[in-house]
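Numbered according to my numbering, the sequence shown terminates at residue 105, and the numbering increases by one at each position without gaps. Since the structure comes first, as structure tokens, the remarks are kept for the end.
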Amino acid sequence: MVNMSSAANTLVDATPVQRLLLRIVNALVDVPDAVSIEITAGSDQTTFRISVHPSDIGKLIGKQGRTARSIRTIFAACSVRLQHRFSIDIVEDLKPFLRSRPDA
Numbered sequence: 002m003v004n005m006s007s008a009a010n011t012l013v014d015a016t017p018v019q020r021l022l023l024r025i026v027n028a029l030v031d032v033p034d035a036v037s038i039e040i041t042a043g044s045d046q047t048t049f050r051i052s053v054h055p056s057d058i059g060k061l062i063g064k065q066g067r068t069a070r071s072i073r074t075i076f077a078a079c080s081v082r083l084q085h086r087f088s089i090d091i092v093e094d095l096k097p098f099l100r101s102r103p104d105a
């Protein structure tokens, strides 16, 4: 599932970049159905906010952040090639996935 939230007209079409990010993230996680990417696009920067199942956060970030850093490096190369900045944010909000606990 991909949620799109964009500001005014953007100069760069984020769709191919979005598909690349979704493909990379889906390959890394165990629960691909829980992957959500929210896009905030502006004229000079596009931000991708990635949400995954809580059990997949560690897989997406990697040991000492190496996997997340590698993903950001790939998109830094895209930024140079397309002359448009891409930023990747990994959302670590567990609330939507946690079951509410009964009050004692």
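Where a beta carbon is used, it is the ideal one built from N, C-alpha and C, also for glycine.
Option nearest residue i by Cα separation, candidates the options
i	options	result
I62	T48, V92, P33 and A42	V92
R50	A69, L83 and Q65	A69
L23	R86, V53 and Q84	V53
S80	K64, R67 and D45	D45
L21	S88, F76 and D90	F76
Identified DSSP bridge partners for residue i
i	result
T47	A42 and F87
I92	For the sequence presented, residue 92 should be read as Val rather than Ile. V92 is bridged to S52.
S80	Paired residue(s): none; S80 is not in a bridge.
S37	S52
Check whether residue i and residue j have beta carbons under 8 angstroms apart
i	j	result
I72	I25	yes
K60	V30	yes
Same chain, Cβ closer than 7 angstroms to residue i, five either side skipped, listed in chain order
i	result
Q65	none
N27	P33 and V36
Same chain, Cβ closer than 8 angstroms to residue i, neighbours up to 5 away in sequence not counted
i	result
V32	V53, H54, S56 and D57
Cutoff 6 angstroms; reference residue i; Cβ partners in own chain excluding five residues on either side
i	result
R82	none
S88	T48
M2	In this predicted model, M2 has a pLDDT of only 42, less than 50, meaning its place in the structure is not dependable; the value taken from the coordinates is given anyway. Cβ neighbours of M2 beyond the five flanking positions: S37.
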